[in-house]
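Residue numbers (the working numbering): 11 to 300.
We put the CB at the ideal spot given by N, CA and C, even for glycine.
Reviewing the structure listed below.
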């Protein structure tokens, strides 16, 4: 039996949105550090934070103030700090951030740091929503990273970000590229989303024979108050069973052990990869094009 210990950190906003993004960043990072240390002490091997973990979810606005929240990856201070913690605890860390590529080109990105502190690469959010309360196209350029799978010290790791989870194609692409565990850092509020929260990702875990870690923030963020971020971060196994879950309303570290042998067992049992018919799906990429 090959076990992997996973950790997810969910958190509410520290400070307030009147502050400069640098001040908020400092407060959010400081608030995460005790949970990172707790994860290290508990032997977590792969740790993931929530979407744009060191800032508010600023997309209900269309305020260019938040461009100042961007950082270079991997050369910015947040990644450098997380590399230190990864080395200290021999822990893979997935760091979701607002990325600066160059002035005017910004992405919603996750950096992946290996257990020795080395930077493995990044995933940039592919699908960018533009609906009431979620004006993400104002802030984020659509991702161009494709579907990287990171060969970490402990597993083959994939990353998908928030709104991406509604698109089954990316889950499948990551699984076909070898992902055994896929994390999905999110910022999502009560309503239809909450019903889907425990439906889509378990279904995707079953369809692709992998573990999925889903992370959501908590609380309401003024002045936008688009709704309550409901936490409920969880890990689901390849059978679609939620094996660990956080509360809806408090800062929390979720820790659980995943039997990675189950990935092969489920894929061998269902044989979805064997029985899929990619030669029949070519038209899918043309449907809906104008």
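Cα separation between residue 255 and residue 286? Walking along the chain shown from the start, residue 255 turns up at place 245. Walking along the chain shown from the start, residue 286 turns up at place 276. One Cα belongs to residue 255, the other to residue 286, and the distance between them is close to 32 Å.
Residues sharing a beta bridge with residue 145, DSSP: Here the question's residue 145 lines up with position 135 in the chain shown. Its beta-bridge partners are 140.
Kindly identify the DSSP beta-bridge partner or partners of residue 94. To locate residue 94, count along the chain shown from 1; it is residue 84. Paired residue(s): none; residue 94 is not in a bridge.
Quick check: what's the CA-CA separation for residue 24 versus residue 17? Translated into positions along the chain shown, residue 24 becomes position 14. Translated into positions along the chain shown, residue 17 becomes position 7. Each residue's CA atom was taken as its position, placing residue 24 and residue 17 some 21 Å apart.
Please list the terminal residues of the continuous beta strand (DSSP E) segment that includes residue 123. Walking along the chain shown from the start, residue 123 turns up at place 113. Segment 115-123, the beta strand (DSSP E) holding residue 123.
Going by other Cβ atoms of all chains shown within 10 Å of its Cβ, with 16 needed for buried, is residue 64 buried or exposed? Reading the chain shown from its first residue, position 54 is the one you call residue 64. By the neighbour-count criterion, in which a residue is buried when 16 or more other Cβ atoms sit within 10 angstroms of its Cβ, residue 64 is buried.
Take every Cβ of the stretch 225-234, pair it with every Cβ of the stretch 92-101, and state whether three or more of those distances are shorter than 8 Å. By the criterion of at least three beta-carbon pairs nearer than 8 Å, the stretch 225-234 is not in contact with the stretch 92-101.
In the DSSP output, what is residue 267 paired with across the bridge? Taking the chain shown and counting its residues from 1, the one referred to as residue 267 is at position 257. According to DSSP, residue pairing for residue 267 in a beta bridge involves 15.
Compare the beta carbon distance of residue 241 and residue 226 with 7 Å and say whether it is the shorter of the two. The count along the chain shown starts at 1 and reaches residue 241 at position 231. The count along the chain shown starts at 1 and reaches residue 226 at position 216. Annotated as proximal: residue 241 and residue 226, with beta-carbon spacing under 7 Å.
Considering residue 37, what are the terminal residues of the beta strand (DSSP E) in which it resides? In the chain shown, counting from the first residue as 1, residue 37 sits at position 27. Counting along the chain, residue 37 falls outside any beta strand (DSSP E), though it belongs to the alpha helix (DSSP H) covering 31-51.
Neighbourhood of residue 48 by C-beta distance below 8 Å, restricted to the same chain and skipping five residues each side: Indexing the chain shown from 1 puts residue 48 at position 38. Counting only Cβ-Cβ distances below 8 Å, and skipping sequence neighbours, we find 263.
Among 207, 159, 260, which has the Cα closest to the Cα of residue 187? Within the chain shown, residue 187 is the residue found at index 177, counting from 1. Measuring from the Cα of residue 187, the nearest candidate turns out to be 159.
Minimum C-alpha distance to residue 155 - residue among 68, 121, 126, 78: Here the question's residue 155 lines up with position 145 in the chain shown. Residue 155 has its Cα closest to that of 121, out of 68, 121, 126, 78.
Round the Cβ separation of residue 78 and residue 42 to the nearest angstrom and send it over; I've been treating them as touching at under 8 Å. If you number the chain shown from 1, residue 78 lands on position 68. If you number the chain shown from 1, residue 42 lands on position 32. Wrong, their Cβ atoms sit about 20 Å apart, outside the cutoff.
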